[in-house]
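Visitor: This is the structure, below, for whatever I ask next.
Numbering (the numbering used here), first residue to last: 122 to 537.
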């Protein structure tokens, strides 16, 4: 306990400066040593070994300039790679990007400002989202603004019927980074010209057919999806400008195969039935004996994700990598304790996670202050704050709940 207290207090004096965020990322708890990655720890690798008779020029990835796209000449030297490719090559089994990733700022700038070459609707999913392509062959997932920032979720809606919010996607990326998890792909806000950057360049005929001008003179579209894709739930510019989130895409599955594991604490997605974990307080005993949660760090990975979900109050995520956070930050006036079920039932948490949570509960590193400063870096903050003050205050309240839950467990924490 004394060692934990020393770690939390270390570096605290530096937080009195102008930037709490910078002081946080300089703190020892955010600069812990990581295992040296092995070859199999990377999601995607550049092939460096070629047959002896192959010429050196084959180590280059060369393409002729297509209309609207950049001419490319990529080599093994990462300086030749665009920001999105450097991001892909930096994904490991431990994190999506490193704490000191030098290309993160360049990638966020690209998401916010780079010329959009094409826009098509992403198939599947329950709500409208578009895939935006850039001239350097990078892509981003665009989620449009559906409701105002300070508008709370209707309490009569089930969690699976809630609107997806663009500002929630952005805030989730920042919160994940502030917590030191780094498991959410980089996301930036962006103001899109609906006419020039979607309607006039899309090759998606089904999407193109849904554009119209509203009685108020705004350019609108609604696309095709399971929920909220109709004229009654159209996405509209003001009159042509539309806010949205731009999330960096992961490598294609054909290049970087990966598996998806469903969380044992997933929701039932039923209006009347409860999931097994909601009925059985000893549910974790079964999980501990089940692959892949019976060894390694997978169980405490789930605890990390549950804590992140609870702070955002989103109860529908089921994956260790958070790729869909649009339903987060829907209600600041109510918490959802059941999201913490993995922590409550298993009483396991990473030591480093617990130490960082305690750090963020201190006045000099208050979570709401850190998040306010972090979100201020996003371009859309110039329009309005991405999270309202009640949402920021809710983060502090929920953090206190998480720490109280840990105290109630009264068990030793697991080590990293």
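Think of the CB as a built atom: it goes at the ideal place given N, C-alpha and C, for glycine as much as any other residue. Treat the numbers as computed from the prediction; the structure is a model and nothing was measured.
Between which two residues does the beta strand (DSSP E) carrying residue 366 extend?
Guide: Taken as a continuous stretch (DSSP letters only), the beta strand (DSSP E) holding residue 366 covers 362 to 369.
Visitor: Measure the beta-carbon distance from residue 314 to residue 361 and round it to whole angstroms, keeping in mind my assumption that it falls under 8 Å.
Guide: So it is a contact: roughly 5 Å between Cβ atoms.
Visitor: Taking the alpha carbon of residue 498 as the reference point, which residue from 147, 230, 481 has its own alpha carbon closest?
Guide: That would be 230, whose Cα lies nearest to the Cα of residue 498.
Visitor: Can you tell me the Cα-Cα spacing of residue 356 and residue 338, whole angstroms?
Guide: If you take the alpha carbons of residue 356 and residue 338, they lie about 13 Å apart.
Visitor: Tell me which residues share the same chain as residue 415 and place their Cβ nearer than 7 Å to its Cβ, disregarding the 5 neighbours each side in the sequence.
Guide: Cβ within range, chain order: 409.
Visitor: DSSP on residue 320, reduced to helix/strand/coil?
Guide: The answer is helix: DSSP assigns residue 320 an H, G or I state.
Visitor: Could you name the residues that DSSP lists as bridge partners for residue 253?
Guide: 240, 261.
Visitor: Taking the C-alpha atoms as reference points, what is the distance between residue 132 and residue 143?
Guide: At residue 132 the pLDDT is 46, less than 50, meaning the model places this residue with poor confidence and gives no usable figure here.
Visitor: Taking DSSP's pairing of strands, which residues face residue 333 in a bridge?
Guide: In DSSP, residue 333 forms a bridge with 341.
Visitor: Could you give the DSSP three-state label for residue 288: helix, strand or coil?
Guide: Residue 288 falls in the helix class under three-state DSSP.
Visitor: Among 401, 376, 311, whose alpha-carbon lies nearest the alpha-carbon of residue 166?
Guide: Of the listed residues, the one whose Cα sits closest to residue 166 is 376.
Visitor: With respect to the beta strand (DSSP E) encompassing residue 193, which residues constitute its N-terminal and C-terminal limits?
Guide: Run containing residue 193: 193 to 195, per the beta strand (DSSP E) assignment.
Visitor: With residue 216 and residue 304 assumed to form a contact (beta carbons below 8 Å), what rounded beta-carbon distance in angstroms separates them?
Guide: Right, their Cβ atoms sit about 7 Å apart.
Visitor: So, helix, strand or coil for residue 520, using DSSP?
Guide: Three-state result, residue 520: helix.
Visitor: State the DSSP-derived secondary structure class of residue 121, mapped to helix, strand or coil.
Guide: As displayed, the chain neither begins before 122 nor continues past 537, which places residue 121 out of reach and without an answer.
Visitor: My guess is that residue 255 and residue 236 are in contact by the Cβ rule of under 8 Å, so how many angstroms apart are they, rounded?
Guide: Their Cβ separation, rounded to whole angstroms, is 7 Å, which keeps residue 255 and residue 236 in contact under 8 Å.
Visitor: In chain order, what residues of the same chain lie with their CB nearer than 6 Å to the CB of residue 580, ignoring the 5 residues before and after it?
Guide: Because residue 580 is not part of the residues shown, which for the chain are 122 to 537, the question remains open.
Visitor: In its own chain, which residues sit with a C-beta less than 6 Å from the C-beta of residue 487, not counting the 5 before and 5 after it?
Guide: Answer for residue 487: no residue qualifies.
Visitor: Let's see if you can read the secondary structure: which residues bound the alpha helix (DSSP H) around residue 495?
Guide: Residues 488 to 496.
Visitor: Over what stretch of residues does the alpha helix (DSSP H) that includes residue 422 continue unbroken?
Guide: Counting along the chain, the alpha helix (DSSP H) containing residue 422 begins and ends at 419 to 433.
Visitor: Output needed for residue 288: all residues of its chain with C-beta closer than 6 Å, excluding positions within five of it in sequence on either side, in chain order.
Guide: Here the set comprises 270, 507.
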